[in-house]
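The structure under discussion appears below in the form of structure tokens.
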Amino acid sequence: MAQVSVFTEREKQVLQQASYNYNIIHEINIMSFAQFEYEKMSPFFQNFLKGIPEEAKASAIDEWRRVRGYAEAKCVVYMLAQDITIEKRWEERSGVIPCGPIFHEDNLIAF
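As structure tokens, this is what we get:
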């Protein structure tokens, strides 16, 4: 059975530029070893691999672990950035200004 890339055409273009976003990193993080071996043959994925700061490994399984470790770390960074953004929005919405509390929608309670 022929394998199919897990990446869309748009994601392939992004990877070709040695760039990525959360969706791409998440796909790499959950990628199987067989799928990694298939994607590794593609020029767009090789460009992504060159962009990983850690040195490439000689063994294929070690290389897969290196890439998955990088993807996992980047997923955590994306999630933390999202949490920080949510927290900042919450602080802005529930603040008290000099002329009184800020109310939003049906929230009539000011902290």
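When the count follows this note's numbering, it moves up by one through the sequence shown with no breaks and lands on 406 for the last residue.
By construction, the Cβ of each residue, glycine as well, lies at the ideal position given by its N, Cα and C atoms.
Note that the structure is a prediction, hence the values are computed from the model and not measured.
- Across the set GLN377, GLN341, ALA329 and MET374, the C-alpha of GLN341 shows the shortest separation from the C-alpha of SER314.
- Across the structure, ASN318 and GLU332 are spaced so that their CA atoms are roughly 19 Å apart.
- Around the CB of ILE381, fewer than 16 other CB atoms lie within 10 Å, so the residue is classed as exposed.
- GLU350 sits in coil when the DSSP states are folded into three classes, being neither helix nor strand.
- The segment 364 to 375 makes contact with the segment 321 to 331, as at least three CB pairs between them are under 8 Å.
- Under the three-state reduction of DSSP output, MET326 falls in the coil class, being neither helix nor strand.
- Relative to the Cα of LYS335, the nearest Cα in the group GLN377, LYS307 and MET374 belongs to LYS307.
- Looking at the backbone, the Cα of ASN316 and that of PRO338 are separated by about 18 Å.
- In the structure shown, GLN298 adopts coil according to DSSP, grouped into three states.
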